[in-house]
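Chemist: Sharing a structure, written as C-alpha cells. Questions coming.
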Amino acid sequence: MIFSLEIHYIVWALLGVALLLSLVWVVWYNRRSMRLLRFMKVDERTRRYLYPEDLPSVSILVFANDDEQWLNKYLPTIMQQKYPKPFEVIVLDDASADGTKDLVGEMMAYYDHLKIVAVPDHTRALSRKKLAVMLGIKAAEHDVVLTTNANCQVHSDRWLMAMMRNFGPGVDVVLGYSHFAHSEDDRFGKNYRIFDDMTTSMQWLLSAINGKPYRGTSDNLAYRKELFYKNKGFSKSLDMKWGDDDVFVSEIATARNTRLEILPASFMSSHYDDLPHAFSTLKSRRDFTSHFVKHKTQFRTQALMSLVYYLRLAAIAGAVALAYTNLAVIAIAVFILLFTWLPSMLVTFRNCYLLHLPLLLFSTPVMVLIRPIVNCYYKIKGLFTRKNNYTSIM
-4 MIFSLEIHYI
6 VWALLGVALL
16 LSLVWVVWYN
26 RRSMRLLRFM
36 KVDERTRRYL
46 YPEDLPSVSI
56 LVFANDDEQW
66 LNKYLPTIMQ
76 QKYPKPFEVI
86 VLDDASADGT
96 KDLVGEMMAY
106 YDHLKIVAVP
116 DHTRALSRKK
126 LAVMLGIKAA
136 EHDVVLTTNA
146 NCQVHSDRWL
156 MAMMRNFGPG
166 VDVVLGYSHF
176 AHSEDDRFGK
186 NYRIFDDMTT
196 SMQWLLSAIN
206 GKPYRGTSDN
216 LAYRKELFYK
226 NKGFSKSLDM
236 KWGDDDVFVS
246 EIATARNTRL
256 EILPASFMSS
266 HYDDLPHAFS
276 TLKSRRDFTS
286 HFVKHKTQFR
296 TQALMSLVYY
306 LRLAAIAGAV
316 ALAYTNLAVI
326 AIAVFILLFT
336 WLPSMLVTFR
346 NCYLLHLPLL
356 LFSTPVMVLI
366 RPIVNCYYKI
376 KGLFTRKNNY
386 TSIM
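Here the sequence shown stands for residues -4 to 389, numbered as in my numbering.
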C-alpha cells in the first residue's frame, strides 16, 4: 500500500512537471513568433526611411560559379529594378567553365550598368568567395555594396529600393532575408528542410531585432565600403573558406549601425539543382561558422528549450509507464501533449506564412522532436570534416 501510494505521488508529480514544462515551451515558442509579427506589422511602419531622392547609389555584387542557367533566368530581374538613383551590377565570375562569361558579355550590350569581374583561377590559398567579393568591392564605383548570388531570385522590382531605404545617417549594414526555393524540392525530408530553414531564420532575425545581429545571408546583404575597409575586409577570418556573411557580419554589425529589412518586397529565394544536397552542405558550413560569431544567445536558448521539450516528453512517458492502466493519467497526458502541440503547430504555420515558406502544420511536433538530433549529427560530422572549412594558408 505504501509502495502504491509512493507511485501515486510520483505519477502526479511527473504530470505536474510535464505541465509546467509545457507551459514554458508554449510561452517561449509563441513569444518569438509574436516578436517577429510585431516587427513586421507594427515596428516596421514606425521606422524612418530615406525618401527616394535621398537614396544612395549602389553597386550590386553577384557571385557566380558555373551559374549560366541561373544568370539567364534571374540577372535580368536585378538589372531591371525600379530605382531612382544610379546603380551598377557586377558579376563576380569565379572561373566558370560554362557559358557564364559569354552570357554576361551578351547582356552587357543591352545594359550599360552591367560589369563582370573575373576571379583568378590559379588562386587557391584564399577563400574563393571572399576573394571574389574583395575584387568586386575594389571594382565598385559606389559607396554602398549589396551582395547576392547568381542562383537568387528577386521577387519584386522594388527589392533594391526596399533594401537601400534603410541607409540613413548612422546605418552601415542592412540585413536582408532569403530562403530556399522549397517549392522545387520533392525529395524525402522536405518538411524537415522547411522547418529547419524557418527555425534558423527565426534565430538570426530575432537576434537582429533584439539588437544583437550576428549574421546575415550573402543572398541579400548590404553594407558600406568604408566599413569593409575599416574592418580590413575579411582579414580576421581569411583562413576560413566560409564566413563572408556571418562571421564578417558579426565583426561589423552592432545594434546602432545595423538594420533588418523584412518587407516582403525585399525577400529573395535561392534555387539549386539538388536542394537537399545544398541544404546539407550549407547547414554544415553554418554549424562550423556559428562557433565564431559574437552573439550566441539564440543558440543557447534554443538548446535549452529543446531540453525542456525532451524533459516534458520524458515526464509524460514516465507517468504513463507507471500508471498505464489509469484512464485519468492517460487523459491528462494526452491533454498535456495537445496543450503543447496545438499552439506549436499554429505558431509554425504563422511563421512560415510570415517568411513566405511552404506552410507546415501537423508535422510540427515531429520536426521539433528530431531537429536537435539532426543538429547533433551535423556537429559530430563537423568534427571529422573540420579541415575542409579552412584554406591552405593554415
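Ideal placement from N, C-alpha and C gives every residue a C-beta, glycine not left out.
Short of 8 Å in beta carbon distance, which residues of its chain neighbour I388, apart from the five on each side in sequence? Order them along the chain.
Modeler: Since pLDDT at I388 reaches only 48, below the 50 mark, its modelled position is unreliable, and no value is offered.
Chemist: Taking DSSP as the reference, what is the three-state secondary structure of L355?
Modeler: Three-state result, L355: coil.
Chemist: With a threshold of 8 Å, are at least 3 pairs of Cβ atoms found where one atom belongs to the stretch 135 to 148 and the other to the stretch 310 to 320?
Modeler: With the cut-off at 8 Å, the stretch 135 to 148 and the stretch 310 to 320 do not touch.
Chemist: For V6, is the classification buried or exposed, using 16 other Cβ atoms within 10 angstroms of its Cβ as the cut-off for buried?
Modeler: With 16 or more Cβ atoms within 10 Å of its Cβ, V6 is classed as buried.
Chemist: Is G165 near R251, with beta carbons less than 8 Å apart?
Modeler: Against a cut-off of 8 Å, the Cβ pair of R251 and G165 comes out as a contact.
Chemist: Jot down the residue ranges of each uninterrupted alpha helix (DSSP H) in the stretch 74 to 153, minimum 4 residues, whole runs only, in chain order.
Modeler: Taking only runs of at least 4 residues, the alpha helix (DSSP H) segments lying wholly in the stretch 74 to 153 are 95 to 103 and 123 to 134.
Chemist: Could you check whether the stretch 39 to 56 touches the stretch 328 to 342, counting it as contact only if at least three pairs of C-beta atoms, one from each stretch, sit closer than 8 Å?
Modeler: Flag = no, the stretch 39 to 56 and the stretch 328 to 342 do not touch.
Chemist: Could you pull out every residue in the same chain whose Cβ sits closer than 8 Å to the Cβ of K124, ignoring the five residues on either side in sequence?
Modeler: Cβ within range, chain order: F58, D89, S213, K236, W237 and D239.
Chemist: Taking all protein chains shown into account, decide if G163 is buried (16 or more other Cβ within 10 angstroms of its Cβ) or exposed.
Modeler: Counting Cβ neighbours within 10 Å, G163 comes out exposed, since fewer than 16 surround it.
Chemist: Excluding the five sequence neighbours on either side, which residues of its own chain have a C-beta within less than 6 Å of the C-beta of R254, listed in chain order?
Modeler: Around R254: N161, V166 and V169.
Chemist: Which two residues bound the contiguous beta strand (DSSP E) that contains T253?
Modeler: First-last of the beta strand (DSSP E) with T253: T253 to L255.
Chemist: Is the separation between the beta-carbon of N186 and that of S358 shorter than 8 Å?
Modeler: Yes, the pair counts as a contact, with Cβ atoms nearer than the cut-off.
Chemist: Taking all protein chains shown into account, decide if A145 is buried (16 or more other Cβ within 10 angstroms of its Cβ) or exposed.
Modeler: Its Cβ being crowded by 16 or more others within 10 Å, A145 is buried.
Chemist: Are the Cβ atoms of S265 and S173 separated by less than 8 Å?
Modeler: The answer is yes: Cβ separation under 8 Å.
Chemist: Measuring only the C-alpha atoms, how far is F294 from M197?
Modeler: Rounded to whole angstroms, F294 to M197 spans 11 Å at the Cα level.
Chemist: Buried or exposed: K225, going by 16 or more other Cβ atoms within 10 Å of its Cβ?
Modeler: Exposed is the call here.
Chemist: Do I247 and Y400 come within 8 Å of each other at the CB atom, strictly closer than that value?
Modeler: It is not possible to answer for residue 400, since the shown part of the chain is limited to -4 through 389.
Chemist: Measuring only the C-alpha atoms, how far is T142 from R182?
Modeler: Answer to the nearest angstrom: the Cα atoms are 30 Å apart.
Chemist: Pull up the distance between the alpha-carbon of A323 and that of V363, whole angstroms please.
Modeler: Cα to Cα, A323 sits roughly 27 Å from V363.
Chemist: Count the other C-beta atoms from every protein chain shown that fall within 10 angstroms of the C-beta of M(-4), then say buried if there are 16 or more, exposed otherwise.
Modeler: Model confidence at M(-4) stands at a pLDDT of 39, short of 50, so the residue's coordinates are unreliable; what they give is reported in the following sentence. Exposed, by the Cβ-count rule.
Chemist: Under 8 Å between the Cβ atoms of V244 and G211?
Modeler: Yes, these two residues count as a Cβ contact at 8 Å.
Chemist: Could you pull the start and end residues of the beta strand (DSSP E) that V265 belongs to?
Modeler: First, the amino acid is wrong: residue 265 is Ser here, not Val. Looking at the DSSP string, the run of the beta strand (DSSP E) that includes S265 is M263 to S265.
Chemist: Is the distance from the Cβ of R366 to the Cβ of D191 below 8 Å?
Modeler: In this structure, D191 lies closer than 8 Å to R366 by Cβ.
Chemist: Is the beta carbon of E221 within less than 7 Å of some heavy atom of the ligand ZN?
Modeler: The ligand content of the structure shown is nil, which means the ligand ZN is not present either.
Chemist: Return the CA-CA distance between R153 and V12, expressed in angstroms with no decimal places.
Modeler: Approximately 51 Å between the Cα atoms of the pair.
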